[in-house]
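Right, one structure below, let's go through it.
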Amino acid sequence: MLTQKPRGTLDVLPQDSAKWQLVESIMREVAALHGLREIRTPTFEHTELFLRSVGDTTDIVQKEMYTFNDKGGRSITLKPEGTAGVVRAFVEHGMYNDPLPVGLYYVSSLVFRYDTPQAGRYREHHQMGVEVFGAQGGALDAQVISIAGEVIRRIGIRDVALHINSIGCPVCRPQYQQALRDHFASNLNAMCPDCKGRFERNPLRLLDCKDERCQPFKQGAPSMIECLCEDCAAHFEDLKASLDQLGLPYCVDTNIVRGLDYYTRTVFEFIAPFGEGTTSLAGGGRYDGLVEQIGGPTMPGFGYGSGVERLLEVAKAQGVDLSPPPLYDVLVLSMGDEARTEAFALAAGLREAGLRASCDHAGRSLKAQFKYAGKLGVPYCVILAPEEMDAGVAKLRDMSEGSETTLPRAEVIRALVYSLKNREEP
RNA sequence: GUGGGUAUAGCUCAGUUGGUUAGAGUGCCAGGUUGUGGCCCUGGAGGUCGUGGGUUCGAGACCCACUACUCACCCCA
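In our numbering, the protein residues as written are 3 to 428.
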């Protein structure tokens, strides 16, 4: 117990942390291309925020939140998703007075959900994401969707499908829900117990029930797309045209509903094959009523979240090489006390010149030092031994070619800087 | 939350119908002329056999509980 991490958590070890940094840097690069600025919000918020935004009938709120009372008797909840906290901060700090639209992104934000862990699914995970406030066109939706897609593409993940849908707005969704109820009403007695509950609460969920008994009744059910009001339909057309302009292939998937109540109009997911099935790499959508609902002005919004663990696991399953470069550009090897002291100074000089360098600190044999360099894949070694010390020179060994050159000690740093620079080019 | 599978060295795994000091490969450390890595050879360190009970003369093995991992359902990142 003492040496066992809590269920559903993950240790990121040194051999993997460089991959995390790579993914995070890709997110930052792409975000910068779109003029987004980083925001960091607390790991926990007042429980009320999630009840109001995510919705108190959703699975997330009903059974997956880490909620507790703090010592002051406040009900606190660890973030179960990324958007609510950002919206809260946006409103709290009056960011709607900034030049609109306001584009924000976050990197490796902690997210907690108490559900059964599985591959690619944890109780604590990290999300990167984007939220844009004050822009309402379908083109904006397409642009933000393209950010998620571009990050996935730059990581090197393949075979990703973009699924989009529109779930309408407060004008047309009630009409659609009524249309669904009308469709299912006569057969409700033959359907599964879950669906009987969904019928009143959230009839959209009737459509993605997996129970065999319910399958036949879905035939001929109206689709949300057909019932969109004029404005929502136009918005959806705008989105599709904009995705075409960006050259981003997509499919309209009416099963994409999203398990959060605040979405309006556009919802989307990037889906990749994973194991025997598929997994969602990023998901989000439009939330035009949320800012107002939290107590801000009327303000459209669009955003998404993407799970870092999943991105890395799917990349790994696809054999994407995210391995970092060798730990050092150069190691300074030495024999004897005099040379060791000199090696220590030379390594410091190399770092001064911007090279990643070190020397032996274990008092190991020259052979062991070479083995160490070989195992790390270090491209160059400098050798300092009594003979070189007497002559005021050093040997420079190219580890991949196995060639050695002897040069004056004072030339070593310049020669290495030159060699490494030329190495980058090919 | 419900059901199936699994848990032995840092990693991947053997371990016969319960029977003495629990093994292999790999990795790690060292040595093979005290100046040279990758290949090879030798040696060494490293294990509360997931945890706690039980059965038994005796449990890594059999039984129970717990914990974790894993697959499916649900939902999602």
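Ideal placement from N, C-alpha and C gives every residue a C-beta, glycine not left out.
Residue i versus residue j - alpha carbon distance
i	j	result
G494	R267	With the chain represented from 3 up to 428, any question about residue 494 goes unanswered, as that position is not in the structure.
D263	E232	22 angstroms
I385	D117	56 angstroms
V419	A350	14 angstroms
Y374	L248	49 angstroms
Q179	S225	10 angstroms
G96	T59	29 angstroms
G222	H185	8 angstroms
D72	Y107	29 angstroms
P8	G57	28 angstroms
Q320	R156	14 angstroms
A370	R115	48 angstroms
E47	V113	12 angstroms
S336	R353	17 angstroms
G37	L230	32 angstroms
S77	Y265	25 angstroms
E271	C171	19 angstroms
I296	V162	34 angstroms
H127	P326	23 angstroms
N424	F346	26 angstroms
D389	R342	Residue identity check: residue 389 is Glu in the sequence provided, not Asp. Between E389 and R342, the C-alpha separation is close to 13 angstroms.
S405	C361	20 angstroms
P218	T300	42 angstroms
N189	R183	10 angstroms
Assigned secondary structure, residue i (DSSP; H/G/I helix, E/B strand, else coil)
i	result
P410	strand
R260	coil
A137	coil
L386	strand
Y252	coil
N429	An answer regarding residue 429 cannot be provided, because it is not within the stretch 3 to 428 covered by the chain.
P275	strand
V25	helix
D339	helix
H36	coil
Q6	coil
V322	coil
K73	coil
P428	Any answer about P428 is weak, because its pLDDT of 43 lies below 50 and its placement is not dependable; what the coordinates show is given next. Here P428 sits in coil by DSSP.
D100	coil
T49	helix
G379	coil
M130	strand
R267	strand
From the options, residue whose alpha carbon lies closest to that of residue i
i	options	result
R123	F276, A243, S405, A341	F276
Y68	G74, G321, T45	T45
G394	Y382, E344, P119	E344
A413	E403, E406, Y265, L398	For clarity, residue 413 is Glu in the given sequence; the question names Ala instead. Nearest of E403, E406, Y265, L398 to E413, Cα basis: L398.
L250	H165, L313, V173	H165
G298	N99, I415, E50, F201	N99
R125	L35, I62, D400	I62
G151	G74, P176, L313, D255	L313
L24	D323, N167, N189	D323
D339	D255, H363, L102, G10	H363
A355	I415, L368, D392	I415
A34	I149, K65, W22, R366	I149
Residues near residue i in its chain [Cβ-Cβ closer than 7 angstroms; skip 5 each side]
i	result
K220	L209
V316	I159, A274, F276, T281, L283
P428	Residue placement at P428 is poorly supported in this model, since its pLDDT is 43, which falls under 50; the coordinates are not used for a value here.
L409	V395, A396, L398, A417
8 angstroms Cβ shell around residue i - same chain, five flanking residues per side excluded
i	result
F304	E133, V134, A137, L142, D143, V146, T268, G286, G287, R288, Y289
E26	V109, S110, M130, V310
P381	P328, D331, V332, D400, M401, S402, L422, R425
Sequence-distant residues of the same chain with beta carbon closer than 6 angstroms to residue i, five excluded per side
i	result
G140	H237, D240, L241, S244
L348	V334
V153	I28, M29, V32
L422	D331
- Answer yes if the segment 86-96 comes into contact with the segment 287-302, meaning at least three C-beta pairs across the two stretches below 8 angstroms, and no otherwise. yes
Fill in: contact_flag[the segment 237-244, the segment 71-88] where n(CB pairs < 8 angstroms) is 3 or more
no
Checklist entry - Are the segment 326-339 and the segment 367-381 touching by the rule of at least three beta carbon pairs closer than 8 angstroms? => result yes
Exercise for the section: Count the C-beta pairs between the segment 250-263 and the segment 12-22 that are closer than 8 angstroms, then say yes if the count reaches three, no if not. Expected result: no
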